[in-house]
Each structure stands twice: as C-alpha cells, then as structure tokens.
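Letter by letter, the sequence shown follows residues -13 to 253 in the working numbering. Reviewing the structure listed below.
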Amino acid sequence: MGIPPARRIGGGMEEILLERMSWRAIAQRIATGWNRVLVMVGSIEQHGPHLPVGTDTILGYAWGEAIARKLGRMLVAPVIRPGLSFHHKGFAGTITLDEALLLTLLEQTCASLADSGFQYIFLLCSHGGNWPVVHQGLARLRMAAPTARVLTLPPEVVEYIEEQIYAFLSSRGISRAVAGIHAGLRETAYMMWLAGNLVDRDAITCGLVDEAVLAQLRKGLKLSELTPTGVLGDPRGATQELGKELNELTVSLYVEAIRRELARETY
C-alpha cells in the first residue's frame, strides 16, 4: 500500500484517519473532546525518475498521522491534493491547480470540517509550494469556517523548521545543495523509510546541485527548463536509516510548533 504509506512514524493503534472511519465513529470522537483536526496539503507532481508523483501526499499522510498521535485527541483529514505544482508542468503525471481553485478547495474543506463539529482546524503543507496559498488565504479560510478556529504555522516558523532540518543534514556532512529542495537526498531518504517499495533505486541519479535554483523558480521558470530529470539535489547518498531520522525530526519540529500555536489560541 502506498497511500497512506505502509510504514508509520511511531506507534499508535487507535484509528485517527477520517477516511478510514464511519460518520458515527467520527461524531463520537468529536463528542468526547476530539475537537481538533489536521489538514495536510500535498500534491501530485513529478519527483524525479525515482520517486512517485504521490510523494508529497504520502509524506502528508505519514507526517499527519504521526503529528496528530503525538499531540493527542486530534483526527486527520484526507490529504488535500492536487496542489499548486505549476513549476512541474512538462513532466508526465503532474497535476496542478491554480491558486484560486486550491484556495476554494481549502475553503470548502474547512467549512465542511467545521460543520462536522471540529473546533480547531490546523493546516500544514507537505508540499512547500502550497504554503503561499495557505498563508495568503488564511483570512478567507477563517471566514469560510466561522464556528471553528482555522490555524496554521506562520511563515517564519515554517522557515525555522526548514533551517533546523538542513542544519541536521549539515551536521551529517550533507550540504543544502545536495539535500536539495525537490527529489534530492532529503526527500529520497524520507521515502526510503516510509515507502521504500515505491523508490526506484536503479533510476536514482544526480540532479541539479545548485543552491541558487530557488531564486530562478521564483522568477517563474519551470523545472523542465532547469533539469531534464526534475531533480534538485543529489539523492545518491540517501539511506533508509537517514530517512527514519529525518522523518522523526520533521514530525517533532512540527509537533513543537503546533503546540505553541494551539497554546496561544487556548489560553
């Protein structure tokens, strides 16, 4: 099974994924204080010749479940996808929404979850390209679900988490350029641990190793104009063991950040 991934980050047996629960089971949880729901926003986009186009969605399910279990009394909504993947057009299998449609999808998702009785709706992105829509559209999301508190992590917190992950990789002798921002060593390691059966190890090849590439993407260039493989970074050094550490670190950083945000809302 690929989505959700076969491997879980941490333990926990009680079902918390909405799409695997009946409406009655969900209502009973909400009635007993499970009034928080996590919405992960992923994508369906190319991730090089070695990773599946559902990579960000697989990460969304794995991280979402692990985060919710650590926070406690929180359910997990279906991962939102497709997302905003304009930069990946030109590679087979990529499906992209425009910003307006993605925001509408998020609005209606939040409204539906609020109608179900959830009081706290927390949005996170397992595809980094979705963050601008979430941040810029937060006021509209809150208007769409007035009976709930719609929350996310501020941009500076997201940036801090990214810096902590790259600092960890640097401590292992892995540069930011090698780790990459798309289908490089970092994402490949994530996937080797979570869904190794979906990683085509024979197709792993060095991509574009250039720390300045993000600035080029911000100018509107597509990845197909920068690299024929769609890989930003060098995934050849990725291992399952590193993937386990990276997944656990990523989850712990998000859990700490979400706890702080929820504490501000609760007290």
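No residue lacks a Cβ here, since even glycine has one placed at the ideal position from N, Cα and C. Remember, predicted model here, so these are calculated numbers, not experimental data.
Would you tell me roughly how many angstroms separate the C-alpha atoms of Met7 and Val65, rounded to the nearest one? Counted from its first residue, the sequence shown places residue 7 at position 21. Counted from its first residue, the sequence shown places residue 65 at position 79. Rounded to whole angstroms, Met7 to Val65 spans 15 angstroms at the Cα level.
Where does the unbroken beta strand (DSSP E) through Val25 begin, and where does it stop? Residue numbering aside, residue 25 sits at position 39 when the sequence shown is read from its first letter. It spans Arg22 to Val27 - the beta strand (DSSP E) in which Val25 sits, taken as one unbroken run.
Suppose contacts are defined by Cβ-Cβ distances below 8 angstroms. Is Leu57 in contact with Val237 by that definition? Translated into the one-based positions of the sequence shown, residue 57 becomes position 71. Translated into the one-based positions of the sequence shown, residue 237 becomes position 251. No, Cβ-Cβ distance for Leu57 and Val237 is not below 8 angstroms.
Exposed or buried, Ala162, counting other C-beta atoms within 10 Å across all chains shown (16 or more means buried)? Within the sequence shown, numbered from 1, the residue matching residue 162 stands at position 176. The identity of residue 162 in the sequence shown is Arg, whereas the question assumes Ala. So Arg162 ends up on the buried side.
Quick one, which of Gly159, Ala224 and Ser157 has its alpha-carbon nearest Asp186's? Mapped onto the sequence shown, residue 186 falls at position 200. Closest by alpha carbon: Ala224.
With His33 and Glu227 assumed to form a contact (beta carbons below 8 angstroms), what rounded beta-carbon distance in angstroms separates them? On the sequence shown, residue 33 is found 47 positions in, with the first residue counted as 1. On the sequence shown, residue 227 is found 241 positions in, with the first residue counted as 1. Going by Cβ atoms, the distance from His33 to Glu227 rounds to 21 angstroms, so no, they are not a contact pair.
Val319, DSSP secondary structure in three states: Outside the shown range of the chain (-13 to 253) lies residue 319, about which nothing can therefore be said.
According to the neighbour-count rule (16 or more other Cβ atoms, all chains shown, within 10 Å of its Cβ), is Ile160 buried or exposed? Working through the sequence shown from its first residue, we reach residue 160 at position 174. When all chains shown are included, Ile160 counts as buried.
Looking at the strands, I want to know which residues DSSP matches up with Phe108. By one-based count along the sequence shown, residue 108 stands at place 122. Note: Phe108 sits in a beta bridge opposite Leu24 and Leu137.
Within 10 Å of its beta-carbon, does Asn233 have 16 or more other beta-carbons around it, so buried, or fewer, so exposed? Looking up residue 233 in the sequence shown gives position 247. It is buried - the Cβ of Asn233 has at least 16 other Cβ atoms within 10 Å.
Just mark Met60 as buried or exposed, buried being the case when its beta carbon has 16 or more other beta carbons within 10 Å. Here residue 60 refers to the residue found at position 74 when the sequence shown is read from its first residue. In this structure Met60 is buried. Its beta-carbon is surrounded by 16 or more other beta-carbon atoms within 10 angstroms.
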